[in-house]
Amino acid sequence: MTDPLPLGGTIGILGGGQLGRMLSVAASRLGLRCHIFEPSDDPPAGHVAHQVTTASYDDSEALAAFAQSADVITYEFENVPADALDALESLTAIRPGRKALATSQDRMVEKQFLVDLGLDVAPFARVDDIDSLHHAIETVGTPAILKTRRFGYDGKGQVRLSEDSSPDSALASIANAPAILEGLVPFDLEISVVAARSIDGAIACFDPGHNVHLDGILRTTTVPAPVADGVVSKAIAAASRVLEALDYVGVLGVELFVSGDDLLVNEIAPRVHNSGHWTQNGCVVDQFEQHVRAVAGWPLGNPARHSDVVMENLIGAEIGRVADLATEPNVAIHVYGKSETKPGRKMGHLNRLSP
Ligand code: AMP
10 MTDPLPLGGT IGILGGGQLG RMLSVAASRL GLRCHIFEPS DDPPAGHVAH
60 QVTTASYDDS EALAAFAQSA DVITYEFENV PADALDALES LTAIRPGRKA
110 LATSQDRMVE KQFLVDLGLD VAPFARVDDI DSLHHAIETV GTPAILKTRR
160 FGYDGKGQVR LSEDSSPDSA LASIANAPAI LEGLVPFDLE ISVVAARSID
210 GAIACFDPGH NVHLDGILRT TTVPAPVADG VVSKAIAAAS RVLEALDYVG
260 VLGVELFVSG DDLLVNEIAP RVHNSGHWTQ NGCVVDQFEQ HVRAVAGWPL
310 GNPARHSDVV MENLIGAEIG RVADLATEPN VAIHVYGKSE TKPGRKMGHL
360 NRLSP
């Protein structure tokens, strides 16, 4: 598909979590349909999408039928197995494209990509076994973080190392998986840029948000971020460079560490991003609509912010706060409809707007 998707067209979404759910809502507002592909039962996106396929990523018949039903395919998570992508791509275009996935699925490839673009990153070294971990500790130093190269999210697959830590037990705690060792950066704060690129190469960036994490999980995003204008410009320039280098189509999240006037890129996520949820109530066109527009070949919307916003995640039992939150003026509530509440699980979020 190279022409813009017509009204009534179908976007296939790999993954049926909250991001797929909010993409489906945005797509249906624009008169487009979504078909969700998700292995687990009762996915949150299934409550609002036009169609759901419940099948595993190695079910080639289900993948083929899914691809044939869609005009374009996108995804809400970056760990889609490569074989599934091969099968889908032979039938229907995938946006954002494979380069974005290959780059972000592996922390080592991602770091090298960022360095090659001339962007600053934390000191890092490759770790394949205990010998390379010892070598990495010598080059990177401590304190440091050992991170699995693949399948890490919300701080999972990570272990911190101090001068006194045992390298053997650190490696054992990530099941000896291929990893990288990253120097612990003494940053002032964390920000992210959520940015979009259209099929014709136009770029639109939302304002950088200030992110606060607890135990590796995002707690709040605040806009505007308390950083100098020069830092905002640098962050937006970095995100734009990443988008162009990946020939990217869709919305991308870029997480950065700010230290004075210096910026380090932590990681990129080739999808709509938790730190962009504030845009739902702070902008005319939010990150979900922006992603739908981009992958559908439509022009991008205006990313300008009309309000100051604090986005707060509702994690685990915090979803019980919804009744109280509903009494607060200027709070927009977003609930993901997950059937089971678990500690550490993202159940919803709220956007508190400043009048
Ligand atoms: P990540 O999964 O890489 O986004 O890491 C989760 C969180 O751990 C980040 O948002 C930071 O708060 C922290 N973190 C990760 N890498 C580093 C680093 N090299 N230096 C300091 N803090 C880090």
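According to this note's numbering, the sequence shown is numbered sequentially starting from 10. Virtual Cβ for every residue (Gly too), placed ideally from N, Cα, C. Note that this is a predicted model, so its numbers are computed, not measured.
Let me confirm a value: residue i is counted as buried when at least 16 other C-beta atoms fall within 10 Å, else exposed. Which label applies?
i       : result
Ser-178 : exposed
Glu-47  : buried
Lys-351 : exposed
Pro-90  : exposed
Lys-120 : buried
Ala-237 : exposed
Val-124 : exposed
Gly-24  : buried
Leu-142 : buried
Gly-81  : Just to set this straight, residue 81 is Val in the shown sequence, not Gly. Val-81 should be labelled buried.
Ala-93  : buried
His-315 : exposed
Ser-113 : buried
Val-221 : exposed
Asp-33  : Checking the sequence, you will find Ser at residue 33 rather than Asp. With 16 or more other Cβ atoms within 10 Å, it is buried.
Ala-153 : buried
Leu-223 : exposed
Do residue i and residue j have their C-beta atoms within less than 7 Å of each other?
i       : j       : result
Leu-128 : Val-274 : yes
Ile-200 : Ala-234 : yes
Arg-361 : Val-294 : no
Glu-337 : Ala-35  : no
Val-217 : Ala-244 : Note that residue 217 corresponds to Pro in the displayed sequence, not to Val. The answer is yes: Cβ separation under 7 Å.
Ala-248 : Cys-214 : yes
Thr-62  : Ala-71  : yes
Gly-21  : Ala-79  : yes
Val-194 : Phe-266 : yes
Leu-100 : Ala-131 : no
Lys-355 : Asn-322 : yes
Thr-151 : Ser-171 : yes
Pro-105 : Val-258 : yes
Ala-4   : Leu-180 : No information on residue 4 is available, as it lies outside the stretch 10 to 364 that the chain covers here.
Pro-52  : Gly-306 : no
His-59  : Arg-38  : no
Trp-287 : Val-232 : yes
Val-263 : Val-340 : no
Glu-85  : Gly-29  : yes
Thr-369 : Ala-188 : The question about residue 369 has no answer, for the chain in this structure spans 10 to 364.
Ala-278 : Ala-205 : no
Leu-334 : Ile-342 : yes
Asn-88  : Phe-196 : no
Ala-211 : Leu-309 : yes
Leu-359 : Asn-283 : no
Once DSSP output is grouped into helix, strand and coil, what is the label at residue i?
i       : result
Gly-325 : helix
Thr-230 : strand
Asp-177 : helix
Lys-351 : coil
Arg-169 : strand
Gly-218 : strand
Leu-28  : helix
Ser-207 : coil
Ser-201 : strand
For the beta strand (DSSP E) that residue i lies in, which residues bound it at each end?
i       : result
Arg-116 : Segment 116-125 is the alpha helix (DSSP H) holding Arg-116; no beta strand (DSSP E) there.
Leu-362 : 355-363
Leu-23  : 19-23
Glu-191 : 188-192
Val-344 : 340-344
Ile-154 : 153-157
Phe-133 : 133-136
On the DSSP letters alone, give me the boundaries of the alpha helix (DSSP H) that residue i sits inside.
i       : result
Ala-145 : 139-149
Thr-112 : 107-113
Ala-332 : 331-334
Just to check, is the beta-carbon of residue i closer than 6 Å to a non-hydrogen atom of the ligand PLP?
i       : result
Val-194 : Here the bound small molecules are the ligand AMP; the ligand PLP is not part of this structure.
Counting only beta-carbon separations shorter than 7 Å, does residue i have a partner in chain C?
i       : result
Leu-223 : Absent here is chain C; the protein component of the structure consists of one chain.
Inset, instruction - Give, in chain order, every unbroken run of the alpha helix (DSSP H) that is at least 4 residues long and sits entirely within the segment 32-104. - result: 69-78 and 91-98
Inset, instruction - Kindly provide the ranges of any beta strand (DSSP E) runs that are 3 or more residues long and lie completely inside the segment 236-313, ordered along the chain. - result: 259-268 and 271-278
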